[in-house]
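Residue numbers (my numbering): 82 to 206.
Ideal Cβ positions, reconstructed from N, Cα and C, are used throughout, including at glycine.
Quantities reported herein were computed from a predicted structural model and do not represent experimental measurements.
The structure under discussion appears below in the form of structure tokens.
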């Protein structure tokens, strides 16, 4: 690399940064993965430390926490899905459809991961 030139000016083999369309296509999966990790890590920590015994209005606080992060995650994914659906009707092209499909798949994945929260005991029998 010549002196005084940045890596992006000379090319780094990966282009000049992230394509915003690609980032928007991957973002729903990043949000889902963060929710998945945070949910299961929270349950593990709560069960290991006995935090499932704490209650607020008769409901275990870990359950309230899980429902809160799930609601925030679903809200973010609904917004991304709505934006992607608007862009599909405004743009023609495969990337717009991929972004919509990614948003819908991530939304379904989060809803599917809520099933154990809703129907299974969090810290064993």
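Which residue or residues does DSSP assign as beta-bridge partners of residue 141?
-> As a working note, residue 141 is residue 60 in the chain shown. Residue 141 is bridged to 136.
Classify residue 203 as helix, strand or coil using the three-state DSSP reduction.
-> Here residue 203 corresponds to residue number 122 of the chain shown, with the count starting at 1. Coil at residue 203, not helix or strand.
Near residue 93, what residues of its chain come up, given a Cβ to Cβ distance below 6 Å and the 5 sequence neighbours on each side ignored?
-> Taking the chain shown and counting its residues from 1, one reaches residue 93 at position 12. Confidence at residue 93 is low in this model, with a pLDDT of 47, below 50, so the placement of that residue should be treated as unreliable; the coordinate-derived value is given next. Within the same chain, no residue comes within 6 Å of residue 93 by CB-CB distance, once the 5 residues on both sides are set aside.
Output yes or no for whether 7 Å exceeds the beta carbon distance between residue 158 and residue 188.
-> Translated into the one-based positions of the chain shown, residue 158 becomes position 77. Translated into the one-based positions of the chain shown, residue 188 becomes position 107. Yes. Within cutoff.
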